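> Counting along the sequence shown from 1, when you hit position 109 you're at 109 in the UniProt record's numbering, and nothing is skipped either side. Encoded as structure tokens, here's the structure I'll be asking about.
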Amino acid sequence: MSEKLHFITSSGIKNIVGKDLITDRFVAIFELVKNAYDAKASKVVVSFNIDNSSETKSLQSIVIRDNGIGMNRDDLEKKWLHLAYSEKKEGQSNSGRAFVGSKGIGRFSCDSLGSNLTITTKKTNDPIEHILKVDWKDFEKSLEDRFESIAVDYNYRKVEDEKLGTSYTVLKITNLHHLWDDDAIIKVSDSLQRLKNPFNEDDGFEIYCGADITNFYSSFSQIPSKYLVKSNISEVLRDKSITIETQIHDKIVVDLFDRGNHIFTLEKDNDTILKNVNVFISINYLTTSAKATFTRRMGIQPVNYGNVFIYRNGFRVSPYGDKDFDLFGLNIRKTQGHSRYIGTREIIGYIDISDQFGIFKETSSRNNGFIENAHLDVLKDVYMDYAHKLLERYVLLINWGENSDTATEFSFDSVNTSEAEKYKKSLTSKVNGGFSLKFFSDTVSFEDNNPKKKLEQIAASLPEKERSEVSRVIDKFEDLQRERQEQERSLFNQHQTITALKLQNENILKRRSESEFGEQLSHHFPAMADRLKNAVIELQALELDLPASQSNQYYAALRKIRRTEYELRAFKNLLLNTSIDLRSPQVINWFDLANQFIRDKNGAAIKLNCSFSSPDIVPMWDIAANALEVFIMYENFFRNSVEHQATYLQFYFENNTLIISSDSTPILQENLQSIFEPGFSTKANGTGIGLNQIKTFLNRLQLDIHAESSNNIVKFIIQQRGGSNQ
């Protein structure tokens with residue numbers, strides 16, 4: 001006999017979506033402010049109210065009041081009290097605004113701040129003011145209680161005639177969980193400056209914050225301007241910084257400004273997956289003058305304010321931009337060439353994402369950034385390739401007279417071509433993205449900033465005897481410059497080697513887990529990986545007719561599941577069979593790792609082999625990389641070979657070249673370029689993920705990959721850039 005059963009919701013769900021989910025009190029306030037924004041408010045006040053009647057004058061309540069559309073009883077009962085209900089579609093238009101929330105749990109941030117909540121609200125032309133009181137402790141008495149069975153108090157009252165045309169919502173939170181002293185209130189105000197994009201002009205949403213505001217001022221018009229949270233950084237930095245702006249939509253357009261002067265405009269077709277979102281990047285390189293002005297006007301040093309903030313639909317995504325958060329690995333990269341690369345200490349800026357389709361989703365806790373997906377990976381690459389590196393090259397030229405992605409000095413060998421012309425040509429090279437040049441200022445000159453040119457100008461005005469002395473100084477200068485570059489490369493290599501050896505030594509000295517722990521890993525990790533693999537297969541088998549935006553999300557989710565499966569297998573193998581520290585990138589030998597991968601595949605359905613052209617080339621494959629990423633790359637090649645009916649897979653290491661070959665199903669010549677594109681697959685139910693992942697990973701390491709297919713042999717050829725092949 002069959003019957004229908006139903007889920008039962010325990011009162012404990014309140015903690016899960018409330019104070020246990022949002023543990024950061026500042027994030028809790030942000031969520032409530034964003035709810036006011038979604039309610040079409042033009043003003044919101046966050047007031048920390050003191051109990052002046054008590055001897056200690058302790059903080060009694062937090063009041064958050066807005067002039068949004070308000071709610072009636074029906075809204076309170078069917079929407080606000082409806083767990084996880086949201087009539088908002090995150091990202092879609094809200095009277096000219098994009099909704100910034102859609103999970104239906106942001107209101108439970110009140111639980112993170114205090115035990116009691118009173119909501120007072122009304123809609124325009126509603127003569128009734130509605131009052132809802134919630135005691136969150138009522139939901140904590142017994143987990144046996146059903147969530148929906150616990151009552152909350154509702155009341156109402158008639159409003160005065162002068163209030164009839166108004167609408168508002170007031171949240172009063174009492175029995176607070178935290179101590180809110182003056183420093184904490186100042187920190188809230190400072191953080192709210194970054195919640196809305198401080199680089200943009202006023203957008204019609206005002207935030208007020210301070211102590212006792214609602215105790216003394218009953219209307220927004222009465223609140224003094226000192227409580228208005230405002231910070232227009234663009235005004236502070238205007239004409240004092242070097243700014244690069246990159247707009248990504250149908251086209252990718254890059255503009256660079258040097259202290260207010262427009263230097264160039266680049267344009268190219270958008271060939272990335274970021275087509276359903278508008279992305280605007282604005283990064284300021286802070287000159288000495290800009291740093292001094294910022295510190296004087298803002299009362300804080302730029303390095304302590306933050307670096308590259310990310311805003312989605314107008315609101316900040318934490319923790320991007322925090323002082324110690326480096327999403328793009330800029331500071332690690334800077335250690336590779338101190339004078340050539342720009343780190344987070346030298347820049348301040350933002351990435352603004354207009355996302356109407358929910359492609360970029362925040363984690364539920366709201367303070368851990370975006371959920372990892374293919375779009376976030378591409379955003380990182382786009383930032384580096386089409387903003388940061390272009391800014392670096394310009395700054396390098398005006399400071400040192402160099403133009404390089406490596407350590408080599410820009411060569412000005414043609415007496416008829418100025419440095420500006422050389423730089424102009426470099427902007428449209430393939431290595432810089434294949435842009436077309438739409439504008440280049442005819443006033444740009446780098447000669448004045450080149451130390452060698454300055455010495456030559458001095459020499460030209462001197463008598464012959466002194467001129468020869470200056471010429472010797474110029475020659476010495478060039479020798480010293482080359483020596484500096486060599487020393488810089490050598491120091492970086494030594495630093496990488498020392499860091500890797502230190503990490504490996506620490507790992508070896510640590511006591512390995514008992515064999516029982518290893519057996520548990522060997523059993524459970526592959527089992528979990530198999531379940532994930534089967535889940536991907538089942539999802540791929542579904543014949544779904546999804547719109548483009550949802551299809552992108554669907555395949556991004558598949559990509560994440562598949563990658564997790566690969567990571568579990570690789571992590572188990574590396575943890576149990578090697579002494580490699582998996583916490584960070586380090587110098588590893590790819591040949592040795594390939595052999596370890598093959599040993600792990602003992603008994604596989606196809607024959608695996610790893611060899612080299614000469615023992616001397618093995619050290620050439622000591623490359624700084626994440627061992628887990630390399631192992632996953634090998635797993636992708638292995639899985640592709642098996643799925644395309646190969647009988648063998650070979651890893652062959654040459655000088656600067658790795659050839660992965662198999663007798664897989666041949667690839668059509670017209671598909672050899674397309675197979676690395678996201679979403680492209682030669683398999684009926686393929687995700688088109690693996691090879692795109694591999695290419696993205698290799699590109700970060702300055703490695704190239706291409707495919708060849710002939711004589712029933714499929715080859716994937718990985719080459720170290722700048723190396724010669726044997």
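C-beta atoms are modelled at their ideal positions from N, C-alpha and C, and glycine is treated no differently. Keep in mind it's a predicted model, so treat the numbers as computed, not measured.
I want to know whether the stretch 149 to 162 touches the stretch 181 to 188 - three or more CB-CB distances under 8 Å.
Because the criterion of three Cβ pairs below 8 Å is not met, the stretch 149 to 162 and the stretch 181 to 188 do not touch.
> Under the DSSP definition of a beta bridge, which residues are partnered with L437?
Within the sequence shown, residue 437 is the residue found at index 437, counting from 1. The partner list for L437 (beta bridge, DSSP) reads L266.
> E129: which of A151, E140, S112, Y168 sits nearest, CA to CA?
Counted from its first residue, the sequence shown places residue 129 at position 129. Closest option to E129, Cα to Cα, is Y168.
> Between N261 and S441, is the Cβ-Cβ spacing less than 8 Å?
By one-based count along the sequence shown, residue 261 stands at place 261. By one-based count along the sequence shown, residue 441 stands at place 441. Cβ distance < 8 Å, so N261 and S441 count as in contact.
> Out of curiosity, what's the CA-to-CA distance linking P224 and F216?
Sequence index remark: in the sequence shown, residue 224 carries index 224 (1-based). Sequence index remark: in the sequence shown, residue 216 carries index 216 (1-based). Spanning the two alpha carbons is a distance of roughly 11 Å.
> Can you check which of these residues, A557, F7, L192, F26, is closest to K361 by C-alpha distance?
Counting from one through the sequence shown, the residue named residue 361 turns up at place 361. Nearest C-alpha to K361: A557.
> Where do the N-terminal and C-terminal ends of the beta strand (DSSP E) with I69 fall, by residue?
Position 69 of the sequence shown, counted from the start, is the residue given in the question as residue 69. Segment: none, I69 is in no beta strand (DSSP E) and carries neither H nor E.
> Taking all protein chains shown into account, do 16 or more other C-beta atoms lie within 10 angstroms of the C-beta of Q673, making it buried, or fewer, making it exposed?
In the sequence shown, residue 673 corresponds to position 673, counting from 1. Under this definition Q673 is an exposed residue.
> For a test of the three-state rule: what should DSSP assign to E708, helix, strand or coil?
Along the sequence shown, read from residue 1 onward, the residue named residue 708 stands at position 708. In the structure shown, E708 sits in a strand (DSSP, three-state: E or B).
> Go ahead and label D61 buried or exposed: buried means 16 or more other beta carbons lie within 10 angstroms of its beta carbon, across all protein chains shown.
Position 61 of the sequence shown holds residue 61. The question names Asp, but residue 61 in the sequence shown is Ser. That one is buried.
> Does M633 pass the burial test, meaning 16 or more other C-beta atoms within 10 Å, or should it be called exposed?
By one-based count along the sequence shown, residue 633 stands at place 633. So M633 ends up on the buried side.
> When the Cα of I69 is compared with those of G165, D138, S289, which residue comes out closest?
What you label residue 69 is simply residue 69 of the sequence shown in a count that begins at 1. When each option's Cα is compared against that of I69, the closest is G165.
> Helix, strand or coil: which one does DSSP assign to G210?
Here the question's residue 210 lines up with position 210 in the sequence shown. Looking at G210 - three-state DSSP - the assignment turns out to be strand.
> Among residues of its own chain, excluding the 5 on either side of I213, which ones have a beta-carbon nearer than 7 Å to its beta-carbon?
Here residue 213 corresponds to residue number 213 of the sequence shown, with the count starting at 1. Correct list, in chain order: V45, S47, I223, Y227.
> Put F716 into one of helix, strand or coil per three-state DSSP.
Against the sequence shown, residue 716 aligns to sequence position 716. Strand, per DSSP.
> In chain order, which alpha helix (DSSP H) runs of at least 4 residues are fully inside the stretch 314 to 381?
Complete alpha helix (DSSP H) runs here, min 4: 330 to 334.
> At the level of alpha carbons, what is the spacing between Q650 and K380?
Within the sequence shown, residue 650 is the residue found at index 650, counting from 1. Within the sequence shown, residue 380 is the residue found at index 380, counting from 1. If you take the alpha carbons of Q650 and K380, they lie about 33 Å apart.
> Can you list, in chain order, the residues of its chain with a C-beta nearer than 6 Å to that of I64? Leave out the 5 residues immediately preceding and following it.
If you number the sequence shown from 1, residue 64 lands on position 64. Taken in chain order, the residues that qualify are L32, V46, L171.
> Let me know the secondary structure DSSP gives N595 once reduced to three states.
For this step, residue 595 is matched to residue 595 along the sequence shown. In the structure shown, N595 sits in a helix (DSSP, three-state: H, G or I).
> Using a threshold of 8 Å, state whether the C-beta atoms of N692 and E708 are closer than that.
In the sequence shown, residue 692 corresponds to position 692, counting from 1. In the sequence shown, residue 708 corresponds to position 708, counting from 1. No, Cβ-Cβ distance for N692 and E708 is not below 8 Å.
> Rounded to the nearest angstrom, how far is the Cβ of residue 749 from that of Q645, given a contact under 8 Å?
Lying outside 1 to 726, the shown extent of the chain, residue 749 is not represented and no answer is given.
> Are the beta-carbon atoms belonging to I244 and R259 less than 8 Å from one another?
As a working mapping, residue 244 is identified with position 244 in the sequence shown. As a working mapping, residue 259 is identified with position 259 in the sequence shown. No, the pair does not count as a contact, with Cβ atoms beyond the cut-off.
> Given this structure, state the Cα-to-Cα distance separating G401 from Y383, to the nearest angstrom.
Here residue 401 refers to the residue found at position 401 of the sequence shown. Here residue 383 refers to the residue found at position 383 of the sequence shown. Below a pLDDT of 50, predicted positions are generally treated as unreliable, and G401, at 41, falls in that range; no measurement from the model is reported.
> At the level of alpha carbons, what is the spacing between S11 and S112?
As a working mapping, residue 11 is identified with position 11 in the sequence shown. As a working mapping, residue 112 is identified with position 112 in the sequence shown. Distance between the alpha carbons of S11 and S112: 16 Å.
> Hey, could you find the ends of the beta strand (DSSP E) D255 is sitting in?
Stepping through the sequence shown from its first residue, residue 255 is reached at position 255. D255 -> beta strand (DSSP E) spans 251 to 258.
> Is D153 helix, strand or coil when you go by DSSP?
Stepping through the sequence shown from its first residue, residue 153 is reached at position 153. Three-state DSSP puts D153 in a strand.
> Under the assumption that D24 contacts N367 (Cβ atoms under 8 Å), give the Cβ distance between them as a whole number of angstroms.
Here the question's residue 24 lines up with position 24 in the sequence shown. Here the question's residue 367 lines up with position 367 in the sequence shown. Going by Cβ atoms, the distance from D24 to N367 rounds to 5 Å, so yes, they are a contact pair.
> With distances taken Cα to Cα, identify the nearest neighbour of I351 among T246, H177, S189, N35.
Sequence index remark: in the sequence shown, residue 351 carries index 351 (1-based). When only C-alpha atoms are compared, the closest one is T246.
> Across which residues does DSSP place G114 in a beta bridge pair?
Looking up residue 114 in the sequence shown gives position 114. Beta-bridge pairing links G114 to L176.
> What whole-angstrom Cβ distance do K560 and N373 have, given they're in contact under 8 Å?
As a working mapping, residue 560 is identified with position 560 in the sequence shown. As a working mapping, residue 373 is identified with position 373 in the sequence shown. With a Cβ gap of about 6 Å, K560 and N373 count as contacting.
> Could you tell me which residues DSSP pairs with S611 in its beta bridges?
Counting from one through the sequence shown, the residue named residue 611 turns up at place 611. Paired residue(s): Y652.
> Which same chain residues, not among the five before or five after P198, have their C-beta less than 6 Å away from its C-beta?
For the purposes of this step, residue 198 is taken as the residue at position 198 of the sequence shown. These residues qualify, in order along the chain: S231, I233.
> What does E245 pair with, by DSSP beta-bridge criteria?
On the sequence shown, position 245 is the one that residue 245 refers to. DSSP output for E245 lists D255, S282 as bridge partner(s).
> Within the same chain, show all residues whose beta-carbon is closer than 7 Å to that of Y285, passing over the 5 residues directly before and after it, in chain order.
In the sequence shown, the residue the question calls residue 285 occupies position 285. So the list reads S241, I242, I342, E346, I347, L391, V395, once near-sequence residues are dropped.
> Answer with buried or exposed for Y305, where buried requires no fewer than 16 other C-beta atoms within 10 angstroms of its C-beta.
On the sequence shown, residue 305 is found 305 positions in, with the first residue counted as 1. Buried.
> Between the alpha carbons of D38 and K607, how many angstroms are there, rounded?
Counting from one through the sequence shown, the residue named residue 38 turns up at place 38. Counting from one through the sequence shown, the residue named residue 607 turns up at place 607. Computed Cα separation, rounded: 59 Å.
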